[in-house]
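Okay, so the sequence shown: first residue is 0 according to numbering that gives the first Met the number 0, each after it adds one.
Report on the structure given below.
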Amino acid sequence: MKKLIYLMLGAVISSTSNADNFKTTTDTSKLYQTIDCFGASDAWSGAFIGKWEKARDDAARMLFSQKFDDCGNPEGIGLTMWRFNMGGGTFEQGEASQIQPKKQRRVESFIGKDGKLDFTKASGQQYLMKKAKEYGCTDFVLFSNTPPVQMTRNGLGFSTTPNTANLQDDKYDDFAEYMVSIAEYFTKQGYNIAFISPCNEPQVSWTKTYQEGTGWNNSEIKRIAVELDKALTKRGLDNTKIMISESGRMQCLYNIEEAVKIRVDTINEKFKNELKIDETEIPGKQIQAFFDPKSPHYVGDLKHMPKIIAGHEYRSDFTVDHIVNIRKPVPAEAAKYGVKFWQTEWVFVPQYDGVKTNDIMDPNNYDHMDIAIWMARVIHGDFTIANAHSWQYWKAMEMYKTGGPALVDGYPINNGDVEGGGAVEGTKILWGMGNYSFFIRPGYTRIDLTGAEDLRKVFGSAYISPDKKRIVQVYVNPTYKKHTVSAKVKNWGNIKKVQVFRTDQRNDLANTYADEKSTEITITPRSITTVVIDKE
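Pasting the structure below:
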């Protein structure tokens with residue numbers, strides 16, 4: 000006989016007049032994708048915060064700790080993947096790099112003044128990497144926004160060639176060897192370098208000076224992937240795989256039109272007349288381009304190429320309808336070619352070219368809790384609609400109110416000098432992500448949860464541990480009303496314990512409830528609530 004477990008998740012206060020009640024059903028027999036990891040990157044301010052004594056340890060604890068404090072609250076958000084930015088050497092160039100704003104978006108490479116590798120460089124980034132490993136972060140990605148300036152066509156970390164990658168034609172093997180040498184070094188230091196990612200948002204022209212970057216064509220992406228595969232094989236780094244192609248928008252995974260639009264929209268005006276669009280080369284339909292054996296750009300047979308496609312999510316979250324409709328084609332396209340989709344970069348952008356990107360929030364008047372709730376919508380959509388196997392934030396750290404919201408805010412203490420030390424503070428975005436990342440561990444599987452699908456009201460998703468002894472439910476309430484949920488769990492066993500962890504204006508991933516039996520728990524207004532259910 001099938002067992003039904005009923006959890007009454009309701010109001011803990013005496014008055015429920017402002018609360019709405021609803022029911023959900025979680026079916027442990029209906030399994031979807033396995034979750035591989037949650038992650039974030041050290042770009043760009045990690046290079047500086049990683050040198051701030053004490054503050055860097057506080058940041059590392061909040062990002063990576065998997066422990067609880069004495070009050071039963073998570074110390075951090077337990078990230079298990081860390082993205083290390085292999086810089087192009089624009090920091091060493093200084094003002095000559097032309098990258099603005101000063102310092103913050105210029106990045107060191109590992110090439111020394113004598114042209115040899117120098118691993119004393121990027122010390123701040125390396126410190127955070129070390130702390131990540133100490134806290135139990137298991138997987139590391141080495142990603143590149145631009146080849147080292149010594150290998151680029153123009154000697155700079157941004158492009159002035161809108162129709163080709165900013166990499167000298169005879170340097171593809173050198174660039175691959177450079178990245179693999181870095182991977183080999185860190186592997187010998189005891190790090191699991193799970194991936195090398197050679198290209199970033201290849202649809203973008205990167206002909207402007209606001210960060211390191213270069214565009215790539217499909218044949219160029221294949222060429223660098225082939226060279227990486229050769230170099231990894233030669234060094235015997237069998238555990239290090241290649242990640243492609245970190246598309247700038249999710250739509251580029253399955254259509255051409257969006258890729259063309261990005262290339263045109265991002266071109267520097269001075270190069271506009273030089274731009275040529277070749278739809279066989281423009282990096283659109285990325286899943287088909289790289290994983291269809293009939294494609295001239297097929298790389299699925301490379302030894303170090305996993306069946307994973309990585310994409311970013313900019314302009315994929317204008318509204319709730321965008322979140323739903325843009326993600327719908329992804330699972331079928333991925334399944335057609337037998338690949339998994341990883342979401343590898345998202346950050347909240349309030350406006351694109353004056354277009355409001357949020358249909359329930361004033362883009363000129365919002366706080367970090369608003370962003371956390373919007374992020375939770377995106378995470379929910381990626382897992383339940385796009386069937387993502389991984390979810391990764393963009394900048395783990397950023398200086399307060401400069402360059403977009405981050406998980407951890409940095410506060411320089413020496414008149415804003417990022418090299419002069421400072422303090423850090425975890426944001427609501429950090430703790431909101433932790434409602435997922437701290438509890439949904441690698442190997443958990445998404446299971447069916449019905450009754451909470453409306454992204455404008457309370458919505459939720461559910462996950463089960465590999466040993467089938469724990470269920471994690473995450474409910475997001477974007478409304479200004481309390482809600483109660485009566486949750487039914489099918490095909491499981493007897494409950495041993497229920498715990499609730501909440502992020503809202505008053506709480507930062509706080510343990511708000513624990514008991515041996517189910518009872519009534521509030522889904523508070525404007526909150527992200529994780530329910531952890533253990534069975535006997």
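No residue lacks a Cβ here, since even glycine has one placed at the ideal position from N, Cα and C.
Note that this is a predicted model, so its numbers are computed, not measured.
With contacts defined by Cβ atoms closer than 8 Å, E245 and S196 form a contacting pair. Straight across, the Cα-Cα distance linking P292 with G299 is about 7 Å. With fewer than 16 other Cβ atoms inside 10 Å of its own Cβ, I276 counts as exposed. In this structure the segment 450-460 touches the segment 361-380; the number of beta carbon pairs closer than 8 Å is three or more. The residue among H482, G77 and T206 with its C-alpha nearest the C-alpha of N267 is T206. In this model, R469 and M150 are separated by some 50 Å (Cα to Cα).
For the set G77, E91, I322 and Q202, the Cα lying nearest the Cα of T163 is the one of Q202.
When C-alpha distances from A509 are compared across Q287, A451, T449 and N434, the shortest belongs to N434. At a Cβ-Cβ threshold of 8 Å, G111 and V148 do not count as neighbours. DSSP places E344 outside any alpha helix (DSSP H); the residue lies instead in the beta strand (DSSP E), whose first and last residues are K339 to E344.
Within the same chain, P524 and R525 come within 7 Å of Y479 by CB-CB distance, once the 5 residues on both sides are set aside. Taking the CA atoms as reference points, C198 sits about 25 Å from N272. As a beta-bridge residue in DSSP terms, C36 pairs with S389.
The residues F340, W341, Q342 and D381, in chain order, have a CB closer than 7 Å to that of A387 in the same chain once the five nearest residues on each side in sequence are set aside. Taken in chain order, the whole beta strand (DSSP E) runs of length 3 or more contained in the segment 47-120 are 80-84. Apart from sequence neighbours up to five positions away, no residue of its chain approaches K115 with a beta-carbon distance below 7 Å. Sequence-distant partners of K327 (beyond 5 residues in either direction) whose C-beta falls short of 7 Å from its own C-beta, in its chain, are I384. Remark: C-beta atoms of A121 and A59 do not approach each other more closely than 8 Å. Burial state of Q97 is exposed, judged by a 10 Å Cβ sphere holding fewer than 16 other Cβ atoms.
With a 10 Å radius around the Cβ and a threshold of 16 neighbouring Cβ atoms, K427 comes out buried. Scanning its chain for C-beta atoms nearer than 6 Å, with the 5 sequence neighbours on each side dropped, one finds around N20 the residues T483, in chain order. In the same chain as Y134, and ignoring 5 residues on each side of it, the C-beta atoms closer than 6 Å to its own belong to F63 and S64, in chain order.
Between the beta-carbon of G38 and that of M80 there is about 3 Å, and that keeps the pair under the 8 Å contact cut. K260 sits in a helix when the DSSP states are folded into three classes.
Taking 8 Å as the cut-off, the Cβ atoms of T137 and A486 do not count as close.
Per the coordinates, the alpha-carbon of D26 lies some 7 Å from the alpha-carbon of L448. Taking 4 residues as the shortest admissible run, the segment 376-451 contains the following complete alpha helix (DSSP H) segments, listed from N- to C-terminal end: 427-436.
Taken atom to atom, the span from the alpha-carbon of Y365 to that of V346 is near 15 Å. In this structure, DSSP gives R222 a helical state, which the three-state scheme calls helix.
By the 16-neighbour rule on beta-carbons within 10 angstroms, T89 is buried. Listed in chain order, the beta strand (DSSP E) elements of length 3 or more contained wholly in the segment 190-252 are 192-196 and 244-246. Going by DSSP, H311 is part of no alpha helix (DSSP H) but of the beta strand (DSSP E) stretching over I307 to H311. For N324, the enclosing alpha helix (DSSP H) has its first and last residue at V319 to R326. The beta carbons of R104 and W43 sit closer together than 8 Å. Separation of the CB atoms of G123 and G49 is rounded to 3 Å, and the pair is thereby assigned contact status at 8 Å.
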